[in-house]
Amino acid sequence: MLYRDVLGYRVRAVDILGVRVDDVTLDEAVAICRSCIRSGEPHRVVTPNAEFVMAARRRPDFRALLNSSTLAIPDGAGLLLAGWLLGTPLREQVAGTDLADALAGLCAREGYRLFLLGAAPGVADDAARRLAIRYPGLAVAGTYPGSPDPRSDPETRDRIRAAGRVDVLLVAYGAERQEGWIARNQAALGIPLAIGVGGALDFLSGRVPRAPRLVRRAGLDWLFRLIIQPWRWRRQLALPQFVVAVAREAARRRLMERAQRGCAG
Ligand code: UDP
83 MLYRDVLGYR
93 VRAVDILGVR
103 VDDVTLDEAV
113 AICRSCIRSG
123 EPHRVVTPNA
133 EFVMAARRRP
143 DFRALLNSST
153 LAIPDGAGLL
163 LAGWLLGTPL
173 REQVAGTDLA
183 DALAGLCARE
193 GYRLFLLGAA
203 PGVADDAARR
213 LAIRYPGLAV
223 AGTYPGSPDP
233 RSDPETRDRI
243 RAAGRVDVLL
253 VAYGAERQEG
263 WIARNQAALG
273 IPLAIGVGGA
283 LDFLSGRVPR
293 APRLVRRAGL
303 DWLFRLIIQP
313 WRWRRQLALP
323 QFVVAVAREA
333 ARRRLMERAQ
343 RGCAG
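Using the numbering used here, you'd call the opening residue of the sequence shown number 83 and step up by one each time.
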C-alpha cells in the first residue's frame with residue numbers, strides 16, 4: 083500500500099492500470115485544495131475516470147500528466163469497482179462536478195477568486211451566475227470559453243491576466259485537452275490551483291441535467307449520461323474495455339500471489 087504526503091495530508095494512493103488514484107473523500111479533497119491555494123505554488127488536481135485510464139494506457143504523455151498531479155480524485159464509479167476487484171478499495175467516489183461546486187463554496191467563505199475557462203459560449207457565465215446565487219459573496223474573477231488549441235494560449239492567458247488575481251482555475255476542455263492546457267499555461271499565470279473539470283460547467287450551468295443522487299450513488303451516472311447524450315456511446319465503449327482490462331489485471335495479480343506463496347512454501 084502506497085501512502086504519499088500531500089501538503090501535510092497522508093493520502094493512500096491506489097494504482098488502477100498504471101494510473102494513480104488517491105483515496106480521498108470530498109471533504110478531504112477540499113481540505114487539500116485549500117492547502118494548495120494557501121501554498122501559493124502551482125498545483126494541479128486531476129479527475130480520472132475509466133475513460134481517462136484507457137486513454138492513459140494508449141498515451142504515456144497523458145499518463146505522466148495524471149501521475150504527476152498533486153491530487154487525483156476518484157471521479158468515476160468504474161474506478162471504485164476497479165479498486166475493489168484489485169483488492170485496493172477506494173472509500174468514496176468524488177465527482178469533479180461536486181469538487182468544483184464545493185470549491186466555489188470554499189472560495190466564497192475564504193475570499194478566493196475563481197475563474198471558469200472553457201465549455202461552449204455562455205455556459206461558464208451561466209455556471210458562474212448559479213454558483214454566485216448558491217454561495218453569496220463568491221468572487222468569480224472571470225469566465226472565458228477560449229479554445230484548447232495551443233495557438234489560442236497567448237490570447238487566453240491575456241484574458242485571464244486581465245481578470246486580476248485568480249486563486250482557482252477550473253478548465254473544461256474535456257479529458258487530455260484540459261490537462262494539456264493546464265500543463266502549458268498554469269506556471270506562466272502563477273495560479274496556485276488548476277483543475278480539469280470535464281463536463282462540470284455544463285452541469286453547474288444547469289444546461290445539462292445531472293443524474294439524480296440515487297442513480298449517482300448506484301454508480302450509474304454513465305448510463306444516465308448515455309441516455310441524455312446518446313452521441314457519447316462511442317466514447318463510452320471505453321467502459322466495458324476498462325472492466326475487461328481490470329478483471330485481467332486482477333487475475334494476473336492473484337496468479338502472481340499464488341506463485342509467490344508456492345515459492346515461499
Ligand atoms: N469543450 C470545449 N472546447 C473543446 C472541447 C470541449 O470547451 O474544444 C468543453 C465542452 O463544451 C464541455 C467540456 O469541454 O463543456 C467537457 O467536454 P466532454 O463532455 O467531452 O468532456 P469529458 O468530461 O467527458 O472528457
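No residue lacks a Cβ here, since even glycine has one placed at the ideal position from N, Cα and C.
Residue burial classification, residue i (beta-carbon count within 10 angstroms, cutoff 16)
i, result
"R102", "buried"
"Y194", "buried"
"L321", "buried"
"S234", "exposed"
"P130", "buried"
"P312", "exposed"
"D180", "buried"
"A282", "buried"
"I98", "buried"
"A293", "buried"
"M351", "As displayed, the chain neither begins before 83 nor continues past 347, which places residue 351 out of reach and without an answer."
"W304", "buried"
Residue i vs residue j beta-carbon contact at 8 Å
i, j, result
"G158", "A132", "yes"
"I273", "P124", "yes"
"Y217", "A190", "yes"
"F197", "I242", "yes"
"S151", "R126", "yes"
"V106", "E261", "no"
"V250", "L185", "yes"
"I114", "L153", "yes"
"L162", "G256", "no"
"L172", "G165", "yes"
"V297", "F306", "yes"
"A245", "G224", "yes"
"L271", "C118", "no"
"V176", "L108", "yes"
"D355", "G280", "Here the chain has residues from 83 to 347 only, and residue 355 is not among them."
"P227", "G187", "no"
"M136", "Q318", "no"
"L167", "A341", "no"
"L93", "R86", "Leu is not the amino acid found at residue 93; the sequence shown has Val there. It is a contact, given that the beta carbons lie within the stated cut-off."
"G169", "A138", "no"
Host alpha helix (DSSP H) of residue i (start-end)
i, result
"T179", "G178 to E192"
"G262", "R259 to L271"
"A210", "V205 to R216"
"T152", "No alpha helix (DSSP H) contains T152, which DSSP labels as neither H nor E."
N- and C-terminal bounds of the beta strand (DSSP E) containing residue i
i, result
"V222", "A221 to Y226"
"L277", "The amino acid at residue 277 is misidentified as Leu; the sequence shows Ile. Its beta strand (DSSP E) spans residues L275 to G278."
"V253", "V250 to A254"
"R195", "R195 to G200"
Check: residue i C-beta below 7 Å from any heavy atom of the ligand UDP
i, result
"Y255", "yes"
"V128", "no"
"R102", "no"
"P232", "no"
"L168", "no"
"S229", "yes"
"G280", "yes"
"A283", "Contrary to the premise, residue 283 reads as Leu rather than Ala in this sequence. The answer is yes for L283."
"V176", "no"
"A209", "no"
"G200", "yes"
"Y135", "It is Val, not Tyr, that sits at residue 135 in the sequence shown. False, no ligand heavy atom lies under 7 Å from that Cβ."
"R266", "no"
"R259", "yes"
"V205", "yes"
Legend entry - Whole alpha helix (DSSP H) elements within the segment 85–129, 4-residue minimum: 108–121
Inset, instruction - Enumerate, from N- to C-terminal direction, the unbroken alpha helix (DSSP H) stretches of 4 or more residues contained entirely within the segment 154–178. - result: 159–167
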